[in-house]
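Data first, discussion second: the structure below is written as structure tokens.
Protein chains: 2
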Amino acid sequence: MPNYVVGHKVPDSDSICSAIALSYLKTTLGEPTVPARLGELSPETKFILERFGFEEPELKLSYAGESLYIVDHSDRVQGPDDIDDATILGIIDHHKLGDITTSAPLECWIRPVGCTNTIIKMMYDFHDVEIPKDIAGAMMCAILSDTVIFKSPTCTTADIKCVEALAEIAGIDDPKELGMEMFKVKSAVEDTPMRDLVLRDFKDFNMNGNLVGIGQLEVVDLAIFDSFKDDLHADLKALREEGNRHSTILLLTDIMKEGSELLVVSEDESVIEKAYDVKLDNGRVWIDGIMSRKKQVVPPLQDAFGAK
Amino acid sequence: MPNYVVGHKVPDSDSICSAIALSYLKTTLGEPTVPARLGELSPETKFILERFGFEEPELKLSYAGESLYIVDHSDRVQGPDDIDDATILGIIDHHKLGDITTSAPLECWIRPVGCTNTIIKMMYDFHDVEIPKDIAGAMMCAILSDTVIFKSPTCTTADIKCVEALAEIAGIDDPKELGMEMFKVKSAVEDTPMRDLVLRDFKDFNMNGNLVGIGQLEVVDLAIFDSFKDDLHADLKALREEGNRHSTILLLTDIMKEGSELLVVSEDESVIEKAYDVKLDNGRVWIDGIMSRKKQVVPPLQDAFGAK
Ligand SMILES: [Mn+2]
Ligand SMILES: [Mn+2]
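Following this line, the structure appears as structure tokens:
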């Protein structure tokens, strides 16, 4: 029976590509391991897998009785629902430390860098295993995605160096150009149901007992939302009620202007206003410089809930 | 203001030596960091610090407003009481993943090896920093202590290789001989109050809402306990009541015979009997091969509580 590698619910490119990259590394090291996913792929991730010739990883929601590596998260609400009945062999992640616990020692590679794949590259280097060309390409795209082509405040020197090294292995001359091509795919929102857009990159967080769902759409020009922003906001409201969430937030991130508009639905807007020191206008506010959910949106909100 | 490195309450040699080793590494990398401790040193740890010329790290219980690295644990009950008011920069550990969480990304090096210092050695190698002779000696002793001179089932090839490399740096010809000398110091129990013995290497665990305290005394011959085993057991009983614990357990480990006698005081002995598939006789049982609290004692007990 092989081991599994799985990323978070509503998988993004980092979750999928790191599952592929880690399973190859572990298998090469003599531990048969296969990549899996907890949900449907985004257009961006499909673009990456097609570009480098990968199949979609197996859709697998239940892990009872299995052994697995967790990538790109360490929060229980983001992982498999029956994780308590599985054996966690390790966690590779670049977020805050969540509430997953284990009953036996394990392997954790957690670093404050821009992308899980940057850490997986460190693991390849540690074990002195060569990265195949196609895997290097997918890893590189995941880093460009998570760091918004190096523009996100989460981006570190390690991420930039890692992209350079992976581009060389993959034989890609201009990583940034490929990154822009990828973000244009990501910006395509026509003919997509509102709910699909809201959930395209959506994560739940348990903040001091309050369930908070935060989605993010990163696009090259925020104007594409103009004609249906009200519909997005309405769907965010429905999502909050259906999931008994305290709040739902959607970040509309303009990667060229380097900032985000927040759409907010909350049972107590003052917590959100306090967290970011802003005033909401009709549940909306533009904040300059906000690009990272992980680094700029979650920590202040978690603190605001903690202090309540 | 410097950062701190601190190990668990009732510090063992691994917690102290890894705090010393990590603070030197971080300081060398340009991040002023000092080692601290949450409690008194054991005779074994004092022996190591004297042997290699170190001062005792600062006794520091409160970390509110400070930034710190956590070593040799990730369980809240084992760490500083006011950890929620501190910033956790990283965790270096070799135990099960505990319930410490953070609100921001951090650095975690957690590996299923025999000792935290084995992981710290990997960090020195990663950053290409030379380990000073005296620090190498202290790290080496901590690994010999945690792995019971390689006899513990927690000991891995990585630990053995690490001791070899550190011995070479420290200029020590026979690490095992030094290890035996150290365990003889550890075995000296005359004129020690019962409570001091019970708490010498004692850890609390939150097992599915139940507080369980587990101590361990590793000696070269269990016969030294014969004359006061009843007194130890009585003190264990008192300790359970004072701390409102579900159970207290003391492992008397014979490192030559490679097994442990368990002294148990519990509000429900059947959980412990089920966990280890044994029958307690007057709250005691010898179990062949049990040497590691972390690998052989905690996981089955945690599972037994989980399944209750
Ligand atoms: Mn990621
Ligand atoms: Mn240890």
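Residue numbers (UniProt numbering), protein chains in the order written: chain Z, 1 to 308; chain D, 1 to 308. For every residue, glycine included, the Cβ atom is placed at its ideal position computed from N, Cα and C.
Cross-chain neighbours of residue i in chain D, by beta carbon under 7 angstroms
i: His94 (chain Z); result: Pro105
i: Ile110 (chain Z); result: Leu106, Glu107, Cys108
Contacts that residue i makes with chain D (C-beta to C-beta distance below 9 angstroms)
i: Asp99 (chain Z); result: Asp99, Thr101
Classification of residue i by the beta-carbon crowding that lies within 10 angstroms, buried from 16 upward
i: Asp159 (chain D); result: buried
i: His73 (chain Z); result: buried
i: Glu44 (chain Z); result: buried
i: Asp226 (chain Z); result: exposed
i: Phe183 (chain Z); result: buried
i: Ala223 (chain Z); result: exposed
i: Asn117 (chain D); result: buried
i: Thr192 (chain D); result: exposed
i: residue 317 (chain D); result: Absent from the model: residue 317 (chain D). The displayed extent of chain D is 1 to 308, so no value can be given.
i: Met140 (chain Z); result: buried
i: Lys279 (chain Z); result: exposed
i: Asp93 (chain Z); result: buried
i: Ser270 (chain Z); result: exposed
i: residue 353 (chain D); result: Coverage of chain D is limited to positions 1 through 308, which leaves residue 353 (chain D) absent and any answer about it impossible.
i: Glu90 (chain Z); result: In the sequence as displayed, the identity of residue 90 (chain Z) is Gly instead of Glu. Per the 10 Å Cβ criterion, buried.
i: Lys308 (chain D); result: Summary for Lys308 (chain D): the model assigns pLDDT 45, below 50, so the residue's position carries little reliability, and this model does not support an answer.
As assigned by DSSP and simplified to three states, the class of residue i
i: Val189 (chain Z); result: coil
i: Ile100 (chain D); result: coil
i: Asn206 (chain D); result: strand
i: Asn117 (chain Z); result: helix
i: Tyr276 (chain D); result: helix
i: Ala234 (chain D); result: helix
i: Ala36 (chain Z); result: strand
i: Glu55 (chain Z); result: coil
i: Arg195 (chain D); result: helix
i: Ser74 (chain Z); result: coil
i: Arg284 (chain Z); result: strand
i: Glu130 (chain D); result: coil
i: Asp254 (chain D); result: strand
i: Ser152 (chain D); result: coil
i: Pro175 (chain D); result: helix
i: Pro105 (chain Z); result: strand
i: Gly137 (chain Z); result: helix
i: Leu61 (chain D); result: coil
i: Leu89 (chain Z); result: strand
i: Ile16 (chain D); result: helix
i: Val10 (chain D); result: coil
i: Glu50 (chain Z); result: helix
i: Lys308 (chain Z); result: Residue placement at Lys308 (chain Z) is flagged as unreliable, the pLDDT there being 45, under the threshold of 50; the coordinate-derived value follows with that caveat. It is coil, neither helix nor strand.
i: Val5 (chain D); result: strand
i: Val220 (chain D); result: coil
Whether residue i touches residue j by CB criterion (9 angstroms)
i: Leu239 (chain D); j: Arg195 (chain D); result: yes
i: Thr28 (chain Z); j: Val129 (chain Z); result: yes
i: Ala104 (chain Z); j: Pro153 (chain D); result: no
i: Ile48 (chain Z); j: Pro35 (chain Z); result: no
i: Tyr69 (chain D); j: Lys26 (chain D); result: yes
i: Phe205 (chain D); j: Leu211 (chain D); result: yes
i: Cys115 (chain D); j: Asp14 (chain D); result: yes
i: Thr253 (chain D); j: Leu236 (chain D); result: no
i: Glu66 (chain D); j: Met122 (chain D); result: no
i: Ala170 (chain Z); j: Asp134 (chain Z); result: yes
i: Ile255 (chain Z); j: Ile110 (chain D); result: no
i: Ser187 (chain D); j: Asp221 (chain D); result: yes
i: Val71 (chain Z); j: Val148 (chain Z); result: no
i: Glu267 (chain Z); j: His246 (chain Z); result: yes
i: Thr102 (chain Z); j: Ile120 (chain Z); result: no
Residues that residue i contacts on chain Z, provided the C-beta gap is smaller than 7 angstroms
i: Ile249 (chain D); result: By Cβ distance, chain Z contributes nothing, its closest Cβ being about 16 angstroms from Ile249 (chain D), past 7 angstroms.
Contact set between residue i and chain D, taken where Cβ atoms lie within less than 8 angstroms
i: Pro299 (chain Z); result: Ser103, Ala104
i: Asp303 (chain Z); result: Ser103
Interface partners of residue i on chain Z, CB under 8 angstroms
i: Lys295 (chain D); result: Ala104, Pro105
task = Check whether the region 210-226 of chain D touches the region 244-262 of chain D, counting contact only when three or more Cβ pairs, one atom from each stretch, lie closer than 8 angstroms.
result = Because the criterion of three Cβ pairs below 8 angstroms is met, the region 210-226 of chain D and the region 244-262 of chain D touch.
ask   = Are the region 9-18 of chain D and the region 274-289 of chain Z in contact at 8 angstroms, needing three or more beta carbon pairs?
value = Not touching, per the Cβ criterion.
key: Inter-stretch contact at 8 angstroms, needing at least 3 Cβ pairs: the region 78-91 of chain D / the region 58-66 of chain D   = Below 8 angstroms, enough C-beta pairs join the region 78-91 of chain D and the region 58-66 of chain D to call them touching: three or more.
ask   = So, do the region 292-305 of chain Z and the region 40-56 of chain D have three or more beta carbon pairs nearer to each other than 8 angstroms?
value = Cβ pair count under 8 angstroms is below three, so no.
query = Per the contact definition of three or more C-beta pairs closer than 8 angstroms, is the region 88-102 of chain D in contact with the region 124-138 of chain D?
reply = Put simply, the region 124-138 of chain D does not touch the region 88-102 of chain D. Fewer than three CB pairs are less than 8 angstroms apart.
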